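Novice:
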Amino acid sequence: MIRYLATAALACAPLLVSSFPAAAVDTVHRGRTGCFSWSWKDGGVLTTTVYYRNSCSTAHTLRIRWSSEASGTEDIRVKGGAKGSAWSFYSLKPLGFEDLGRV
Numbered sequence: 002m003i004r005y006l007a008t009a010a011l012a013c014a015p016l017l018v019s020s021f022p023a024a025a026v027d028t029v030h031r032g033r034t035g036c037f038s039w040s041w042k043d044g045g046v047l048t049t050t051v052y053y054r055n056s057c058s059t060a061h062t063l064r065i066r067w068s069s070e071a072s073g074t075e076d077i078r079v080k081g082g083a084k085g086s087a088w089s090f091y092s093l094k095p096l097g098f099e100d101l102g103r104v
């Protein structure tokens with residue numbers, strides 16, 4: 002009896018999977034601006050995290066412009082060769098990045 006139930010469940014599994022809409026694909030966005038390389042991923046519900054790295058040997062300031070007015074812009078001083086991350090609450094994505102130059 003259990004064998005028949007298991008066989009029936011396996012036979013119906015493709016029907017169940019195909020009847021639900023596909024989940025949104027998370028897309029990783031990568032880029033460079035001045036001394037900085039950066040990345041962030043779609044799919045956040047209320048927050049988005051940006052990862053960055055300063056490839057120059059001197060400290061530079063990275064400006065991140067967020068999509069939410071509440072988050073606005075964020076200026077981050079990053080030492081030469083350092084990496085880090087920044088996140089924003091209520092902002093689904095960053096709108097732009099700018100290397101403001103040496104500190």
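Position in the sequence shown (first residue = 1) + 1 = our numbering. From the three backbone atoms N, C-alpha and C, an ideal C-beta is built for every residue, glycine too. Bear in mind the structure is a predicted one, so any value in this text is a computation, not a measurement.
#1: In chain order, what residues of the same chain lie with their CB nearer than 6 Å to the CB of threonine 50, ignoring the 5 residues before and after it?
#2: Counting along the chain, where does the beta strand (DSSP E) carrying leucine 96 start and finish?
#3: Got a sec: does the ligand ADP put a non-hydrogen atom nearer than 8 Å to the Cβ of aspartate 100?
#4: Mind pulling the beta strand (DSSP E) runs of 3 or more residues that sit fully within the stretch 28 to 93?
#5: For serine 92, does the count of other Cβ atoms within 10 angstroms reach 16, so buried, or fall short, so exposed?
#6: In whole angstroms, what is the alpha-carbon distance linking arginine 31 and serine 56?
#7: Using only the alpha-carbon positions, how far apart do phenylalanine 37 and aspartate 76 sit?
Specialist: The structure says:
#1: Ser86, Trp88
#2: 95 to 103
#3: Within the structure as shown, the ligand ADP is missing, as the structure has no ligands at all.
#4: 29 to 34, 37 to 42, 48 to 55, 61 to 67, 74 to 79, 84 to 90
#5: buried
#6: Their backbone Cα atoms lie some 15 Å apart in a straight line.
#7: 13 Å
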